[in-house]
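Structure record follows, encoded as structure tokens.
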Amino acid sequence: MGKFEIRVLPDLCTGCLRCMLACSESHTARFSLPASRIRGLLESCQESDAGKADNRTGRELKTRVEAV
0 MGKFEIRVLP
10 DLCTGCLRCM
20 LACSESHTAR
30 FSLPASRIRG
40 LLESCQESDA
50 GKADNRTGRE
60 LKTRVEAV
């Protein structure tokens, strides 16, 4: 698999954790949240997602991510 870059688009973030799964798969060839190198908070996501609801479910977003 070729190299790729995961970019965060805070306005489109739904907190689905797909970025974390993609990260772990690219580094370990398995889908594992603990194996992901993305963790915690991303300041730009924190600002734009605060109190925002997932447009598919209406639930308030709780997940934040940060690259490590």
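The opening position of the sequence shown corresponds to residue 0 in numbering that gives the first Met the number 0, with each subsequent residue numbered one higher. C-beta atoms are modelled at their ideal positions from N, C-alpha and C, and glycine is treated no differently. From a predicted model like this one, the values you see are computed outputs, not experimental measurements.
Between which two residues does the alpha helix (DSSP H) harbouring alanine 21 extend?
17-27
Worksheet item: What three-state label does DSSP hand glutamine 45 in the structure shown?
Response: Here glutamine 45 scores only 48 on pLDDT, less than 50, and its place in the model is too uncertain to base an answer on.
*Hey, how far is the Cα of threonine 21 from the Cα of serine 35?*
Here residue 21 is alanine; the residue named in the question, threonine, does not match the sequence. Taking the straight line joining both Cα atoms gives about 8 Å.
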